[in-house]
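Student: Structure provided below as structure tokens; questions to follow.
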Amino acid sequence: MPISTCAGVGTADTRRFLGAAVVVAANAGGAWTPIGDVTTTMLWIHGQVSTAATMRDLLLPSALSVAVPVAAWALTAPEIASKEPLLLASSSSASSSPPAASSGRDAATASHAATAAAAAAQAAGPGSGGSAASPGSRGQEVEAGAGAGAGAGAEAEAEAAPPRSNLVLSVGLGSLLMVPVLRAWAGLPPHMGMLACLGFLWLVTDAIHFGEGDRRHLTVSQALKRVDSEAVLFFTGVLLAVAALDKAGLLRELAEALSAALPRQELVAGVIGFASAVVDNVPLVAATMGMYDMAQYPKDSDLWQLIAYCAGTGGSLLVIGSAAGVTLMGMDRGVSFGWYARRITPWATAGYLAGLGAYVAQQQLQLQLAGGGGGAAAAVAAATATGLL
Numbered sequence: 001m002p003i004s005t006c007a008g009v010g011t012a013d014t015r016r017f018l019g020a021a022v023v024v025a026a027n028a029g030g031a032w033t034p035i036g037d038v039t040t041t042m043l044w045i046h047g048q049v050s051t052a053a054t055m056r057d058l059l060l061p062s063a064l065s066v067a068v069p070v071a072a073w074a075l076t077a078p079e080i081a082s083k084e085p086l087l088l089a090s091s092s093s094a095s096s097s098p099p100a101a102s103s104g105r106d107a108a109t110a111s112h113a114a115t116a117a118a119a120a121a122q123a124a125g126p127g128s129g130g131s132a133a134s135p136g137s138r139g140q141e142v143e144a145g146a147g148a149g150a151g152a153g154a155e156a157e158a159e160a161a162p163p164r165s166n167l168v169l170s171v172g173l174g175s176l177l178m179v180p181v182l183r184a185w186a187g188l189p190p191h192m193g194m195l196a197c198l199g200f201l202w203l204v205t206d207a208i209h210f211g212e213g214d215r216r217h218l219t220v221s222q223a224l225k226r227v228d229s230e231a232v233l234f235f236t237g238v239l240l241a242v243a244a245l246d247k248a249g250l251l252r253e254l255a256e257a258l259s260a261a262l263p264r265q266e267l268v269a270g271v272i273g274f275a276s277a278v279v280d281n282v283p284l285v286a287a288t289m290g291m292y293d294m295a296q297y298p299k300d301s302d303l304w305q306l307i308a309y310c311a312g313t314g315g316s317l318l319v320i321g322s323a324a325g326v327t328l329m330g331m332d333r334g335v336s337f338g339w340y341a342r343r344i345t346p347w348a349t350a351g352y353l354a355g356l357g358a359y360v361a362q363q364q365l366q367l368q369l370a371g372g373g374g375g376a377a378a379a380v381a382a383a384t385a386t387g388l389l
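Spelled out as structure tokens, the structure:
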């Protein structure tokens with residue numbers, strides 16, 4: 001996970017802020033693509049949003065939701081306002097970590113030196129006094145030198161990523177990117193496209209590991225055995241429960257109550273985003289999909305795009321609002337609920353509202369330009385965004 005890249009960077013306080021920035025960026029980065037976040041994927045699979053419209057309309061709001069808090073922390077937080085801790089940490093790590101290649105050469109040199117010393121001692125014979133070495137000690141020296149060389153070689157081999165790992169990574173990322181392409185080009189449903197790409201990745205891993213019994217654990221068939229089945233059952237239970245509420249008509253009544261209390265779509269989506277900081281966003285989005293009819297809110301309407309943005313980025317408002325935040329708490333004990341609420345939540349909320357206002361402004365601008373408003377478009381967009389914030 002990207003949070004692991006913060007380990008070993010700067011001081012403990014700096015790492016906490018960088019980890020929190022990664023949490024905000026991870027949630028915002030998944031909101032503007034149909035395969036980046038589970039909630040956006042749900043909306044995409046059920047036809048509420050499309051790939052091109054989501055990426056076009058949510059890129060700027062998602063970027064602002066990250067840029068605003070990160071810029072504020074860089075200016076106000078003393079932990080990351082100065083670059084000195086980062087420079088010290090990077091220089092110390094560079095000086096304390098010699099390259100793998102040089103360590104391998106040093107070990108090989110030591111091995112050759114030990115072998116040469118043993119041969120010289122053997123040639124000197126037993127009459128050379130203190131310089132003579134027993135056969136047992138000579139064997140130990142040779143074995144120690146060879147062991148050092150082999151250990152360093154294995155270390156260097158472990159540190160250097162084999163080309164096959166890059167191939168598997170490239171195939172996996174390319175397969176994910178091909179899912180929306182197959183949906184748009186061939187009309188293939190997303191789940192079928194994902195299964196087809198999984199099958200292709202399966203063939204690739206089986207081909208490159210064919211005949212290597214000690215590397216069978218790297219194949220897809222072995223990876224599938226480690227899939228978190230509890231998460232799959234959780235999603236299944238959530239969708240079944242939401243479907244039951246939909247059939248009972250409760251979701252429609254909730255939608256009518258929300259529409260009466262909050263007449264603007266932006267406010268409804270904003271409330272859903274704040275709720276996703278406390279409640280899991282999967283049942284929230286699943287409920288909204290049953291609350292609002294596609295006949296009233298067609299594909300790529302503002303409501304669905306706002307729900308995709310708010311449910312995705314709203315998880316950054318509290319540390320327990322997303323899987324990335326919970327992971328950060330597990331990796332760094334200094335990140336507590338109170339620390340995150342005091343130091344991160346205010347600026348994360350500002351970024352969340354800035355992105356929401358940016359979406360409203362750009363939609364108003366598009367409407368004004370399409371309707372020939374021209375000159376007053378920017379003023380109307382700015383006034384709308386200011387009124388929302």
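Residues in the sequence shown are numbered from 1 upward in steps of one, following UniProt numbering. Positions of the beta carbon are idealized from the N, C-alpha and C atoms, including for glycine.
Closest to SER170 by C-alpha separation, out of CYS197, PRO346, GLY357, LEU182, would be which residue?
Tutor: The shortest Cα separation from SER170 among CYS197, PRO346, GLY357, LEU182 belongs to CYS197.
Student: Just to confirm the assignment, what range does the alpha helix (DSSP H) spanning PHE17 have?
Tutor: Per DSSP, PHE17 belongs to the alpha helix (DSSP H) from 12 to 29.
Student: As a quick exercise: from ARG16, TYR292, LEU182, pick the residue whose alpha carbon is nearest that of GLU253.
Tutor: The candidate whose alpha carbon is nearest that of GLU253 is TYR292.
Student: Looking only at C-alpha atoms, which of ALA370, VAL360, GLY351, ILE344 sits nearest to THR14?
Tutor: Residue ILE344 is the option with its Cα nearest to THR14.
Student: Given a cut-off of 8 Å, decide if TYR309 and PRO34 are closer than it, judged by their beta-carbon atoms.
Tutor: In this structure, TYR309 does not lie closer than 8 Å to PRO34 by Cβ.
Student: In the DSSP assignment, find the unbroken alpha helix (DSSP H) run with TRP32 in it and report its ends.
Tutor: Careful: TRP32 lies outside any alpha helix (DSSP H) and carries neither H nor E.
Student: How do the region 323 to 338 and the region 43 to 59 stand: do at least 3 beta-carbon pairs fall below 8 Å, yes or no?
Tutor: Touching, no.
Student: Tell me whether ASP228 is buried or exposed, calling it buried when 16 or more other Cβ atoms sit within 10 Å of its Cβ.
Tutor: Classification for ASP228: exposed.
Student: Under 8 Å, with one C-beta from each stretch per pair, do the region 294 to 309 and the region 37 to 50 reach the 3-pair mark?
Tutor: These segments touch.
Student: Determine the direct distance from the alpha carbon of ALA26 to that of ILE272, and round the result to whole angstroms.
Tutor: About 19 Å.
Student: In terms of residue numbering, what span does the alpha helix (DSSP H) encompassing ALA364 cover?
Tutor: According to the sequence as given, residue 364 is Gln; it is not Ala. Per DSSP, GLN364 belongs to the alpha helix (DSSP H) from 345 to 370.
Student: Identify the continuous alpha helix (DSSP H) that holds MET294 and give its terminal residues.
Tutor: No alpha helix (DSSP H) contains MET294, which DSSP labels as neither H nor E.
Student: If contact is defined by three or more beta carbon pairs under 8 Å, each pair taking one atom from either stretch, is the region 228 to 246 in contact with the region 316 to 328?
Tutor: Not touching, per the Cβ criterion.
Student: For the pair the region 174 to 184 and the region 205 to 218, tell me if three or more CB-CB distances fall below 8 Å.
Tutor: The answer is no - the region 205 to 218 does not touch the region 174 to 184, with fewer than three Cβ pairs under 8 Å.
Student: In angstroms with no decimal places, state the Cα-to-Cα distance between GLY330 and ALA275.
Tutor: Computed Cα separation, rounded: 23 Å.
Student: What are the start and end residues of the alpha helix (DSSP H) that includes ILE320?
Tutor: From DSSP, ILE320 is part of no alpha helix (DSSP H); its letter is neither H nor E.
Student: Could you give the first and the last residue of the continuous alpha helix (DSSP H) run that contains VAL268?
Tutor: From DSSP, the alpha helix (DSSP H) with VAL268 extends over 265 to 276.
Student: Report all residues from its chain with a CB closer than 6 Å to the CB of ALA28; omit the five preceding and five following residues, and keep chain order.
Tutor: Same-chain partners within the cutoff: SER62, SER65, VAL66, THR313.
Student: Which class does VAL242 belong to by DSSP, given the choice of helix, strand or coil?
Tutor: Here VAL242 sits in helix by DSSP.
Student: Drop a sphere of 10 angstroms on the beta-carbon of ASP206, count the other beta-carbons inside from all chains shown, and report buried for 16 or more, exposed for fewer.
Tutor: The residue is exposed, with fewer than 16 neighbouring Cβ atoms inside 10 Å.
Student: Given a cut-off of 8 Å, decide if LEU201 and SER175 are closer than it, judged by their beta-carbon atoms.
Tutor: It is a contact, given that the beta carbons lie within the stated cut-off.
Student: Check each candidate in ARG16, GLY30, LEU43 and name the one with the smallest Cα separation from residue 406.
Tutor: A query on residue 406 cannot be resolved here, the shown segment of the chain reaching from 1 to 389 and no further.
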